[in-house]
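Asks: Numbering (this note's numbering), first residue to last: 1489 to 2392.
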């Protein structure tokens, strides 16, 4: 069937060429460019991440639970990435921490503790994979979370204004003091201010009435306000600090208009479909009604916004004419809004949505372009779904089948023969393939510590059950930020593709995606994918896979700032003795890939160590932080290179939270103990005997050391002690070489001698004046990488000597010690969410439960029946509870469902 379609296509092309619809040379250009596009898409796979967190508002010390869903740009679950990186930024755009998590089949769940040292305020949670670095930092996922020292038990609700104010006007302010479950509070002290970000104009202190009401009048200053004006309400009640702030809408002398012609250019003499967005002086979207007129003040049309400051109109311009807009609502603006000048050359586009099977696109070209042969491309994700030459002399419309294109955003672009895009349009591709999630509870209201039974049902658009993998959060509604719009369906289909966040609910209606609103979004919001010049200027870009992409990189320099060539850099796991090696190039550059990182990393910290080729450690290391720089730029942070200087034993560059109780996916580098039952992949400590056997570790303590030395044939030297502990070594060039292990660095490396935690080097002569009777213990580790926990460049094992108390060791020669290592975070492992189970009423009475996340399940499996049942208990807190369930399946369907109940 496929070959038949191909034959028909080739036949049509040959016929078109033969009849002169487009010259053969142009056809060659089209084929060449199509190959270029396909090559780029094939070799430059990108991803997007969506994060479902249990809630939005946390207290210090709380656990934040999350599940990450990673998809390709066709909404298919991506299995390319192995590492998820999560950064947390404060309101000053400073990085609080960075953590790594391990993916399994495109999903990853985890948790972390909210640090206890943070200030109250809003923070940004940023998530990305290594593949997402292929584009830029605008492609990352981010959301706002709010952190308090003590989560308030009440809130101040300010009534929104419905009209605009002039300078000097008096404004009536109404607010309500209520508990988190909306019970009114009387006698609450409240401070109300009229202010901007930089100036407080008026402040009054009031107390709420018996019904929790507060009414007050404030006056706007007579002088013009140059900043956004706010009403702010604050209260400190029972040691809880609560605040709320709303904007005061001021009448603007001017509104800011931005015009977005469909296709990219305003073209003279053709029908132009023009989208627009309008803002006030403080960049707030404004709903307007306006008159469209020409230079003779002739009324052409009445236009208005449709959603959140967005609208559109049609206009056919006449040569030499100018056009303007007069705003009449929300209030008359004296200044006219001029429409930009129209171009004499170009193509205006107009997309016409038809049935689900096709769309038509009008190409209204200026007369000067109608003799050109162009070609159009429609792609979605990383796939070209339609492409063909277009003869503008005889063709002003194309009809494109879309029934095989996945739901979401596609891009239609028209190119000239030089590969230059001359018209472009983002298009929303609808689909009737949906996944509906319904959540039902056995009751609407529950008492404290009641058992809640939930049933989750997943169906397709025809009502048939579907299987899927979901995450489910059951939380206090007050722990969710009302305007923090998060929805996996909207993000996957829309927000993950656009350069601006979708922060309102216009994107959804009772039928699913609101196509009219989305179309305005696509006309006015920027594309967050690549720009065409990346393809046009580059022949065939080579893909950098996750495994080979630089994950950790930097430079090794001497103290004069000069690069050190052929320096040894090790990425090392002290707990497992796994290492990865890198050698610096002529610029002192080194890097480790994500694959290198994963080969050594586990839940513990790993270490980076640097040394010269001769083992000396007089160096500095600069760690590149290029992608973090991009993130900082994205958050308006002044970028800088992170310099690591080794003046302390441990230079921690990343925040790491260790847990005593954690779970782990075992890999073939982990030692499994047959005698121990492992449940839910809970990691167990390796028995000492097993560890000694695997790592070739030998220890000797106490009086045995002196006895061995005095009974030996030698003079009681340390070599005598060593020879009695093991015969598997020899001395070469004053180094101790353990047999059975070859040097990993190419040269023979001796065992590193460490006395009381102080590295002494490999030269055994350092111990010539050593009194073995002063030794408390000796520990030998023959594993070649054991010494890396002390110094880099030593790959011949380890000899650790501990002196008796009150005894010190003076080496024969003075040794310079460079503590050249730093700790690097291992990946974090998800813990199991604690959900109490009560077998008796007595157990309920003996505990007090303050949880506001009642239940969290990052791995809710919906089988072929389309159903799953869950049970849990409420806490001892009054609350209105929100259930949020979302996720996706392997058929590219994403779903989101919500339900509510009351705890009283």
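Beta carbons: idealized from backbone N, C-alpha and C, even for Gly.
When you compare only the Cα positions, how much space is there between residue 1783 and residue 1822?
Replies: Along the chain shown, read from residue 1 onward, the residue named residue 1783 stands at position 295. Along the chain shown, read from residue 1 onward, the residue named residue 1822 stands at position 334. In a straight line, the C-alpha of residue 1783 is about 16 Å away from that of residue 1822.
Asks: Please list the segments of the beta strand (DSSP E) lying wholly inside the region 1749-1808, counting only runs of 3 or more residues, in order along the chain.
Replies: Counting whole runs of 3 or more residues, the region 1749-1808 contains the beta strand (DSSP E) stretches 1759-1767, 1777-1782, 1787-1795 and 1798-1804.
Asks: Three or more C-beta pairs under 8 Å: does that hold for the region 1705-1717 against the region 1795-1804?
Replies: The region 1705-1717 is not in contact with the region 1795-1804.
Asks: Considering only DSSP beta bridges, list what residue 1932 is partnered with.
Replies: Numbered from 1 along the chain shown, position 444 holds the residue referred to as residue 1932. Its beta-bridge partners do not exist; DSSP assigns none.
Asks: So for residue 2293, helix, strand or coil by DSSP?
Replies: For the purposes of this step, residue 2293 is taken as residue 805 along the chain shown, with counting starting at 1. Three-state result, residue 2293: coil.
Asks: Give me the Cβ distance between residue 1851 and residue 1884, rounded to the nearest whole Å; I'm assuming they're in contact under 8 Å.
Replies: The residue labelled residue 1851 in the question sits at position 363 within the chain shown. The residue labelled residue 1884 in the question sits at position 396 within the chain shown. Correct: roughly 5 Å between the Cβ atoms.
Asks: With a Cβ-Cβ cutoff of 8 Å, do residue 1775 and residue 1818 count as a contact?
Replies: The sequence position of residue 1775 within the chain shown is 287, counting from 1. The sequence position of residue 1818 within the chain shown is 330, counting from 1. For residue 1775 and residue 1818, yes; Cβs fall inside 8 Å.
Asks: Using beta-carbon positions only, say whether residue 2239 and residue 2207 come within less than 8 Å of one another.
Replies: For the purposes of this step, residue 2239 is taken as residue 751 along the chain shown, with counting starting at 1. For the purposes of this step, residue 2207 is taken as residue 719 along the chain shown, with counting starting at 1. No, these two residues do not count as a Cβ contact at 8 Å.
Asks: Specify, as a first and last residue, the run of the alpha helix (DSSP H) that residue 2213 falls within.
Replies: Here residue 2213 refers to the residue found at position 725 when the chain shown is read from its first residue. 2206-2213 is the span of the alpha helix (DSSP H), which, as asked, contains residue 2213.
Asks: Would you list the residues sitting across from residue 1534 in a DSSP beta bridge?
Replies: Within the chain shown, numbered from 1, the residue matching residue 1534 stands at position 46. Its beta-bridge partners do not exist; DSSP assigns none.
Asks: Using beta-carbon positions only, say whether residue 1921 and residue 1949 come within less than 8 Å of one another.
Replies: For this step, residue 1921 is matched to residue 433 along the chain shown. For this step, residue 1949 is matched to residue 461 along the chain shown. Yes, these two residues count as a Cβ contact at 8 Å.
Asks: Spell out a yes or no on whether the region 1869-1878 and the region 1559-1579 are touching, meaning 3 or more CB-CB pairs, one atom from each, closer than 8 Å.
Replies: At 8 Å Cβ cutoff, the stretches touch.
Asks: Would you check if the distance between the CB atom of residue 2375 and the CB atom of residue 1957 is smaller than 8 Å?
Replies: Taking the first residue of the chain shown as position 1, residue 2375 is located at position 887. Taking the first residue of the chain shown as position 1, residue 1957 is located at position 469. For residue 2375 and residue 1957, yes; Cβs fall inside 8 Å.
Asks: With residue 1525 and residue 1541 assumed to form a contact (beta carbons below 8 Å), what rounded beta-carbon distance in angstroms separates them?
Replies: As a position in the chain shown, residue 1525 is number 37, starting the count at 1. As a position in the chain shown, residue 1541 is number 53, starting the count at 1. About 37 Å; that fails the 8 Å criterion.
Asks: Does the region 1908-1924 come into contact with the region 1840-1849, if we say contact requires no fewer than three beta-carbon pairs (one atom in each stretch) closer than 8 Å?
Replies: Flag = yes, the region 1908-1924 and the region 1840-1849 touch.
Asks: Taking buried to mean at least 16 other C-beta atoms within 10 Å of its own C-beta, is residue 2011 buried or exposed?
Replies: Along the chain shown, read from residue 1 onward, the residue named residue 2011 stands at position 523. Classification for residue 2011: buried.
Asks: Going by the CB atoms, is the gap between residue 1804 and residue 1719 shorter than 8 Å?
Replies: On the chain shown, position 231 is the one that residue 1719 refers to. On the chain shown, position 316 is the one that residue 1804 refers to. The answer is no: Cβ separation not under 8 Å.
Asks: Sort out for me which residues DSSP pairs residue 1597 with in a bridge.
Replies: As a first step, residue 1597 is located in the chain shown; it is residue number 109 there, counting from the start. Paired residues: 1555.
Asks: How about the region 1637-1654 and the region 1568-1578: do they share at least three Cβ pairs that are nearer than 8 Å?
Replies: No, the region 1637-1654 is not in contact with the region 1568-1578.
Asks: Does DSSP classify residue 2095 as helix, strand or coil?
Replies: Residue 2095 sits at position 607 when you count from the first residue of the chain shown. Residue 2095: strand per DSSP, three-state reduction.
Asks: Could you say which of 2013, 2392, 2391 and 2386 lies nearest to residue 1946 if we only look at CA atoms?
Replies: Walking along the chain shown from the start, residue 1946 turns up at place 458. Of the candidates 2013, 2392, 2391 and 2386, the one whose C-alpha sits nearest the C-alpha of residue 1946 is 2386.
Asks: If you run the structure through DSSP and keep just helix, strand and coil, what is residue 2048?
Replies: In the chain shown, counting from the first residue as 1, residue 2048 sits at position 560. Reduced to three states, the DSSP call for residue 2048 is coil.
Asks: Name the two residues that bound the continuous beta strand (DSSP E) containing residue 1852.
Replies: Here residue 1852 refers to the residue found at position 364 of the chain shown. Segment 1846-1853, the beta strand (DSSP E) holding residue 1852.
Asks: Relative to the C-alpha of residue 1739, which residue among 1705, 1726, 1815 and 1696 is closest?
Replies: Taking the first residue of the chain shown as position 1, residue 1739 is located at position 251. The candidate whose alpha carbon is nearest that of residue 1739 is 1815.
Asks: Could you give the first and the last residue of the continuous alpha helix (DSSP H) run that contains residue 2079?
Replies: Numbered from its first residue, the chain shown carries residue 2079 at position 591. Premise fails: residue 2079 lies in the beta strand (DSSP E), 2077-2081, not in any alpha helix (DSSP H).
Asks: Going by C-alpha distance, which of 2388, 2389, 2381 and 2391 is nearest residue 1924?
Replies: Locating residue 1924 in the chain shown gives position 436, counting from the first residue. Among 2388, 2389, 2381 and 2391, the Cα nearest to that of residue 1924 is on 2381.
Asks: According to DSSP, is residue 2399 helix, strand or coil?
Replies: This structure cannot settle anything about residue 2399, because the visible part of the chain is limited to 1489 through 2392.
Asks: Between residue 1927 and residue 2283, what straight-line distance do the alpha-carbon atoms span, to the nearest angstrom?
Replies: For the purposes of this step, residue 1927 is taken as residue 439 along the chain shown, with counting starting at 1. For the purposes of this step, residue 2283 is taken as residue 795 along the chain shown, with counting starting at 1. If you take the alpha carbons of residue 1927 and residue 2283, they lie about 59 Å apart.
Asks: Classify residue 1949 as helix, strand or coil using the three-state DSSP reduction.
Replies: Sequence index remark: in the chain shown, residue 1949 carries index 461 (1-based). DSSP places residue 1949 in coil when its eight states are reduced to three.
Asks: At which residues does the alpha helix (DSSP H) containing residue 2012 begin and terminate?
Replies: Counting from one through the chain shown, the residue named residue 2012 turns up at place 524. Taken as a continuous stretch (DSSP letters only), the alpha helix (DSSP H) holding residue 2012 covers 2003-2012.
Asks: Which one or two residues does DSSP pair with residue 1923 in a beta bridge?
Replies: The sequence position of residue 1923 within the chain shown is 435, counting from 1. Paired residues: 1948.
Asks: For residue 2087, which residues in the same chain have their Cβ closer than 7 Å to its Cβ, ignoring the five residues on either side in sequence?
Replies: Residue 2087 sits at position 599 when you count from the first residue of the chain shown. Excluding positions up to five away in sequence, the list reads 2066 and 2068.
Asks: Identify the continuous beta strand (DSSP E) that holds residue 2054 and give its terminal residues.
Replies: What you label residue 2054 is simply residue 566 of the chain shown in a count that begins at 1. From DSSP, residue 2054 is part of no beta strand (DSSP E); its letter is neither H nor E.
Asks: Is DSSP giving residue 2393 helix, strand or coil here?
Replies: Here the chain covers residues 1489 to 2392 and nothing more, so residue 2393 does not appear.
Asks: Decide if the region 2312-2326 is in contact with the region 2272-2279; the criterion is three or more beta carbon pairs, one per stretch, under 8 Å apart.
Replies: No: fewer than three Cβ pairs fall under 8 Å.
Asks: Can you tell me where the beta strand (DSSP E) holding residue 2358 begins and where it ends?
Replies: Start at 1 with the first residue of the chain shown, and residue 2358 comes out as number 870. Element bounds for residue 2358: 2355-2361.
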